[in-house]
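Asks: Going left to right, the sequence shown walks through residues 28 to 371 as the working numbering numbers them.
C-beta atoms are modelled at their ideal positions from N, C-alpha and C, and glycine is treated no differently.
If you're wondering where the values come from, they're calculated on a predicted model, not measured in any experiment.
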Amino acid sequence: MSRSIRPSTPADAAAIVALLAQAGLRPHTEPEHLDWKYWRPRSDWPGPRSFVLTEGTAPIAHAAIVPGAWSSGSRRASVFHAIDWAARPGEAGAGAMLMKAIGSQAGALIAIGGSADTLAILPHLGFRAAGAATLYVRTLRPLRLFDGAGRAPWRALPRFVRGVAGVVAACAPAAPEWRVRRISAEGLEQMGGALPVSGRGTTALERSAALFAHWLACPIAPLRLYLLKRAGRVRGYFLLASAPAQVRIADCWVDSEEPADWRALIACAVAEARLDTQVAEVVGWASDPLHAGAFKACGFLAREATPVQVRPSRGSAMPPGTLRVQMLDNDAAYLHRGRNEFWT
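Below you can see the structure in the form of structure tokens.
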């Protein structure tokens, strides 16, 4: 029976959920969640974001993309991060066939982490190491870390000790000249030019008002966008995502290469996260030294490093220098199990 690759449609939803479940993933099943991830129109990306490999009319593999781009000098490349990648058991090569087809439509594919099976396959598909995204965690309310421990609270003791250590090591709040203001999708034009740029050995993935408009409409986890100002001028921003008992710094930026300014950015994000009295911890990713240093200075503990790999298309190059990735660049900003998942 012939095989073909095509963009998926809402009519494929049940088959996609079944493929992901068979692969041991925890798929979203709510129609609104699937629509937002795969099919809802995006003004920053008019192309399809979900693909199926079919045998006859039956989908046997699926992959979706988080579209993006990076620039280096005068060169700009579109990049995709593949998510929800799965094939029907026993269909050898189906997932690889789909991934190669998707990769041919972009300047590069990015993979951040993945299962053990995925990490074993990626080098054979042409992926090459491009650094790591380190998870940083800071506890805001150590006693909340016992929530969900049930009849075995002693199991939470190591987490509690780490959390207290982070609280003790935390730096002072940002200086008062740094101000924060939350904005909605209707106020995105206020961001101006305070968006990530590549430079000094770092390649940054692009951001835009249209991209943030899509993320602020996420139905899976609420997201809030804040402008960071100093002396009345917008200097940067941070985007917070809410999960059970946890706030994630899904994305952030300040237009400076001064460590003190990055510390102020993270300190302001922590202050906003703390306003939610149900939150036990705040977390974020860093893949470049400047960002990582700001997390450490603000009392965050490094928990684990996730490999970042890139597959450049034919004729394209690897990103020069360190690739800066954030939770916004895949699905880490919103994935959760609907219960406390403390990472401290």
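Within the same chain, show all residues whose beta-carbon is closer than 6 Å to that of Ile-43, passing over the 5 residues directly before and after it, in chain order.
Replies: His-89
Asks: Along the alpha helix (DSSP H) that carries Arg-290, what are the first and last residues, could you check?
Replies: 286-301
Asks: What does a CB cutoff of less than 6 Å around Ala-348 pick up in its chain, not counting 5 residues either side in sequence?
Replies: Note on identity: in this sequence residue 348 is Gly, with Ala being the wrong assignment. Correct list, in chain order: Gly-228, Thr-229 and Thr-230.
Asks: Is any beta-carbon of chain D found at less than 8 Å from that of Gly-320?
Replies: No chain D appears in the structure shown, which is made up of a single protein chain.
Asks: Going by beta-carbon coordinates alone, are Gly-140 and Val-106 separated by less than 8 Å?
Replies: no
Asks: For Ala-291 versus Trp-205, is the C-beta spacing smaller than 8 Å?
Replies: yes
Asks: Determine the burial state of Arg-155: buried for a count of at least 16 other Cβ atoms within 10 Å of its Cβ, exposed for fewer.
Replies: exposed
Asks: Which of the three DSSP states, helix, strand or coil, is assigned to Ile-139?
Replies: strand
Asks: So, for Gly-153: in the same chain, excluding its five sequence neighbours on each side, which residues have a beta-carbon less than 6 Å away from its beta-carbon?
Replies: Arg-338
Asks: Please work out which residues of its chain come closer than 7 Å, Cβ to Cβ, to Ala-329, disregarding the five sequence neighbours upstream and downstream, and give them in chain order.
Replies: Thr-161 and Tyr-163
Asks: Touching or not, the stretch 264-280 and the stretch 123-133, by the rule of three or more beta carbon pairs under 8 Å?
Replies: Note that the stretch 264-280 does not touch the stretch 123-133; fewer than 3 beta-carbon pairs, one per stretch, sit closer than 8 Å.
Asks: Quick check: the Cα distance between His-241 and Asp-358, rounded to an integer number of angstroms?
Replies: Looking at the two C-alpha atoms, the distance is approximately 13 Å.
Asks: Measuring straight from C-alpha to C-alpha, what distance separates His-363 and Arg-76?
Replies: 21 Å
Asks: Closest by CA to Asp-144, which one among Trp-112, Gly-365 and Thr-56?
Replies: Trp-112
Asks: Output needed for Asn-367: all residues of its chain with C-beta closer than 6 Å, excluding positions within five of it in sequence on either side, in chain order.
Replies: Asp-174, Gly-175, Pro-271 and Ala-272
Asks: What first and last residue would you give for the beta strand (DSSP E) that runs through Val-207?
Replies: 205-210
Asks: With distances taken from CA atoms, which of Leu-136, Leu-215 and Leu-172 is nearest Phe-369?
Replies: Leu-172
Asks: Just checking, does the stretch 62-81 make contact with the stretch 36-50 on the three C-beta pairs under 8 Å criterion?
Replies: yes
Asks: Out of Gly-83, Val-188 and Ala-38, which has the shortest C-alpha to C-alpha gap to Ser-29?
Replies: Gly-83
Asks: Quick one: residues in its chain with C-beta nearer than 6 Å to the C-beta of Ala-277, no 5 flanking neighbours on either side, listed in chain order?
Replies: Leu-266, Ala-268, Met-354, Leu-355 and Ala-360
Asks: Per DSSP, Val-79 forms a beta bridge with which residues?
Replies: Arg-33 and His-89
Asks: Which partner residues of Tyr-253 appear in the DSSP bridge assignment?
Replies: Arg-209 and Phe-265
Asks: Report the rounded CA-to-CA distance for Ala-50 versus Ala-147, giving the unit in angstroms.
Replies: 16 Å
Asks: Given a threshold of 16 other Cβ atoms within 10 Å of its Cβ, counted over all protein chains shown, does His-151 qualify as buried or as exposed?
Replies: His-151 comes out exposed.
Asks: Can Ala-307 and Ala-313 be called in contact, C-beta distance under 8 Å?
Replies: no
Asks: Among the residues of its own chain, which have a CB less than 6 Å from the CB of Leu-238, if the five just before and after it don't count?
Replies: Asp-71
Asks: I think Trp-289 touches Ala-321, with their Cβ atoms under 8 Å apart; what is that distance to the nearest whole Å?
Replies: 4 Å
Asks: Measuring alpha carbon to alpha carbon, tell me which of Leu-46, Ala-300 and Glu-285 ends up nearest Pro-249.
Replies: Ala-300
Asks: From what residue to what residue does the beta strand (DSSP E) around Phe-322 run?
Replies: Note, Phe-322: premise wrong, no beta strand (DSSP E); alpha helix (DSSP H) at 316-324.
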